[in-house]
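S.K.:
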Amino acid sequence: GAVVSQHPSWVICKSGTSVKIECRSLDFQATTMFWYRQFPKQSLMLMATSNEGSKATYEQGVEKDKFLINHASLTLSTLTVTSAHPEDSSFYICSARAGQAGNTEAFFGQGTRLTVV
Amino acid sequence: QKEVEQDPGPLSVPEGAIVSLNCTYSNSAFQYFMWYRQYSRKGPELLMYTYSSGNKEDGRFTAQVDKSSKYISLFIRDSQPSDSATYLCAFSTNAGKSTFGDGTTLTVKP
Chain A
1 GAVVSQHPSW
11 VICKSGTSVK
21 IECRSLDFQA
31 TTMFWYRQFP
41 KQSLMLMATS
51 NEGSKATYEQ
61 GVEKDKFLIN
71 HASLTLSTLT
81 VTSAHPEDSS
91 FYICSARAGQ
101 AGNTEAFFGQ
111 GTRLTVV
Chain B
1001 QKEVEQDPGP
1011 LSVPEGAIVS
1021 LNCTYSNSAF
1031 QYFMWYRQYS
1041 RKGPELLMYT
1051 YSSGNKEDGR
1061 FTAQVDKSSK
1071 YISLFIRDSQ
1081 PSDSATYLCA
1091 FSTNAGKSTF
1101 GDGTTLTVKP
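Taken in sequence, the protein lines are chains A and B.
According to my numbering, the residues represented by the first sequence are 1 to 117, in order.
According to my numbering, the residues represented by the second sequence are 1001 to 1110, in order.
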């Protein structure tokens, strides 16, 4: 399958600082990228959907000013957690697909474990 | 009512057993049906992807979809210890957004 690379795989930051997570599609052009958050023993919760060159669409309850998403190219999307707090500690996962329709497979990155202390 | 309900598990089976994992859904707009495997602290890995009712086989894995009953299953034959992971069912509409089940944790004992 296609490769999606997510970096870093884990990060520890101090409360109040910002953290940037990168998601790259290595062998295909990702028209659409999704960002998910996963708490321990829970499923993936969609945070936002981003299409290259346009503003991200955030799910209800997700603060767009806190979780900044940039999808400036067809191979790179970034999620910046601004002014992180301990409750933002979670596993963040991106996925990328080549098309926008549901009949295009989505491939996941390895995930980033964020710990805010 | 949640859009997706997945058998919670955990499930523990001996090596070589046949495993059945199940999900039900309520959203008729779901047109694409997926199963993902997720190892601890890793991102999900796509196992099976289908869009029609019936069975789809890939090696030891068989995905079964029954659209009329809004029910999907994943069968694992000759289960191996390396199959021990959390399995997530997922569904997509034509718009492309996926909804995931809560996952079933499987342990295959040698």
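For glycine and all other residues, C-beta sits at the position ideal for the given N, C-alpha and C.
Bridge partners for residue 107 of chain A per DSSP, in chain order?
M.R.: Counting from 1 along the first sequence, the entry for residue 107 of chain A is found at position 107. Its beta-bridge partners are A/96.
S.K.: Compare the beta carbon distance of residue 28 of chain A and residue 2 of chain A with 8 Å and say whether it is the shorter of the two.
M.R.: The sequence position of residue 28 of chain A within the first sequence is 28, counting from 1. The sequence position of residue 2 of chain A within the first sequence is 2, counting from 1. The answer is yes: Cβ separation under 8 Å.
S.K.: Just list the residues that DSSP pairs residue 61 of chain A with in beta bridges.
M.R.: By 1-based counting over the first sequence, the position of residue 61 of chain A is 61. Answer is none; residue 61 of chain A lacks a bridge partner.
S.K.: Should residue 1008 of chain B be flagged as near chain A, meaning a C-beta pair shorter than 8 Å?
M.R.: What you label residue 1008 of chain B is simply residue 8 of the second sequence in a count that begins at 1. Chain A, which has no Cβ nearer than 8 Å to the Cβ of residue 1008 of chain B, makes this no.
S.K.: When you compare the CB of residue 1100 of chain B with every CB in chain A, is at least one pair closer than 8 Å?
M.R.: The count along the second sequence starts at 1 and reaches residue 1100 of chain B at position 100. With 8 Å as the cut-off, residue 1100 of chain B counts as an interface residue toward chain A.
S.K.: Looking at C-alpha atoms only, which residue of B/1003, B/1093, B/1086 is the closest neighbour of residue 1046 of chain B?
M.R.: For the purposes of this step, residue 1046 of chain B is identified with residue 46 of the second sequence, where counting begins at 1. That would be B/1086, whose Cα lies nearest to the Cα of residue 1046 of chain B.
S.K.: On a CA-only basis, which of A/77, A/82, A/39 is nearest residue 5 of chain A? Give me that one, please.
M.R.: Taking the first sequence and counting its residues from 1, the one referred to as residue 5 of chain A is at position 5. The shortest Cα separation from residue 5 of chain A among A/77, A/82, A/39 belongs to A/77.
S.K.: Between residue 106 of chain A and residue 1078 of chain B, what straight-line distance do the alpha-carbon atoms span, to the nearest angstrom?
M.R.: The residue you call residue 106 of chain A lines up with position 106 of the first sequence. The residue you call residue 1078 of chain B lines up with position 78 of the second sequence. Rounded to whole angstroms, residue 106 of chain A to residue 1078 of chain B spans 28 Å at the Cα level.
S.K.: Check residue 1081 of chain B in the structure and name its three-state DSSP category.
M.R.: Residue 1081 of chain B sits at position 81 when you count from the first residue of the second sequence. Reduced to three states, the DSSP call for residue 1081 of chain B is helix.
S.K.: For residue 1060 of chain B, decide whether its Cβ has a neighbour in chain A, counting only Cβ atoms nearer than 8 Å.
M.R.: The count along the second sequence starts at 1 and reaches residue 1060 of chain B at position 60. No, residue 1060 of chain B lies away from the interface with chain A (no Cβ there is under 8 Å from its Cβ).
S.K.: Within this structure, are the beta carbons of residue 12 of chain A and residue 81 of chain A separated by less than 8 Å?
M.R.: The count along the first sequence starts at 1 and reaches residue 12 of chain A at position 12. The count along the first sequence starts at 1 and reaches residue 81 of chain A at position 81. Contact: no.
S.K.: Just tell me which of B/1052, B/1088, B/1024, B/1037 has its CA closest to the CA of residue 1004 of chain B.
M.R.: The sequence position of residue 1004 of chain B within the second sequence is 4, counting from 1. Taking only the C-alpha atoms, the option nearest residue 1004 of chain B is B/1024.
S.K.: Hey, residue 1030 of chain B and residue 1093 of chain B are a contact pair by Cβ (cut 8 Å); roughly how many whole angstroms apart?
M.R.: By 1-based counting over the second sequence, the position of residue 1030 of chain B is 30. By 1-based counting over the second sequence, the position of residue 1093 of chain B is 93. The pair is a contact, with the Cβ atoms about 6 Å apart (cut-off 8 Å).
S.K.: Does the beta-carbon of residue 1106 of chain B have 16 or more other beta-carbons within 10 angstroms, so that it is buried, or is it exposed?
M.R.: For the purposes of this step, residue 1106 of chain B is identified with residue 106 of the second sequence, where counting begins at 1. Using a 10 angstroms sphere on the CB of residue 1106 of chain B, the tally of other CB atoms reaches 16 or more, which defines it as buried.
S.K.: Which residues of chain B have a Cβ atom closer than 8 Å to the Cβ of residue 97 of chain A, listed in chain order?
M.R.: The count along the first sequence starts at 1 and reaches residue 97 of chain A at position 97. Ordered by position in chain B, the residues that pass the 8 Å Cβ test against residue 97 of chain A are 1096.
S.K.: Go to residue 20 of chain A, then tell me how far its beta strand (DSSP E) extends in each direction, as first and last residue.
M.R.: One-based indexing of the first sequence puts residue 20 of chain A at position 20. Element bounds for residue 20 of chain A: 19-25.
S.K.: Just curious, the beta strand (DSSP E) that residue 1014 of chain B is in, first and last residue?
M.R.: Position 14 of the second sequence, counted from the start, is the residue given in the question as residue 1014 of chain B. Note, residue 1014 of chain B: beta strand (DSSP E), 1011-1014.
S.K.: For the putative contact between residue 1102 of chain B and residue 1008 of chain B, defined by C-beta atoms under 8 Å, what is the C-beta separation to the nearest angstrom?
M.R.: Along the second sequence, read from residue 1 onward, the residue named residue 1102 of chain B stands at position 102. Along the second sequence, read from residue 1 onward, the residue named residue 1008 of chain B stands at position 8. Between residue 1008 of chain B and residue 1102 of chain B the Cβ distance is about 7 Å, and since that is below 8 Å, they are a contact.
S.K.: Between residue 39 of chain A and residue 94 of chain A, is the Cβ-Cβ spacing less than 8 Å?
M.R.: Residue 39 of chain A sits at position 39 when you count from the first residue of the first sequence. Residue 94 of chain A sits at position 94 when you count from the first residue of the first sequence. No, the pair does not count as a contact, with Cβ atoms beyond the cut-off.
S.K.: Which residues in chain B sit within 9 Å of residue 26 of chain A, going by Cβ to Cβ distance?
M.R.: Position 26 of the first sequence, counting from 1, holds the residue named residue 26 of chain A. Those within 9 Å of residue 26 of chain A in chain B number zero; the least Cβ separation is about 14 Å.
S.K.: Measuring only between beta-carbons, confirm whether residue 1106 of chain B sits less than 8 Å from chain A.
M.R.: Working through the second sequence from its first residue, we reach residue 1106 of chain B at position 106. No, no contact with chain A.
S.K.: Which chain B residues are close to residue 93 of chain A, counting only those with a beta carbon under 8 Å from its beta carbon?
M.R.: By one-based count along the first sequence, residue 93 of chain A stands at place 93. What residue 93 of chain A touches in chain B: 1043, 1044.
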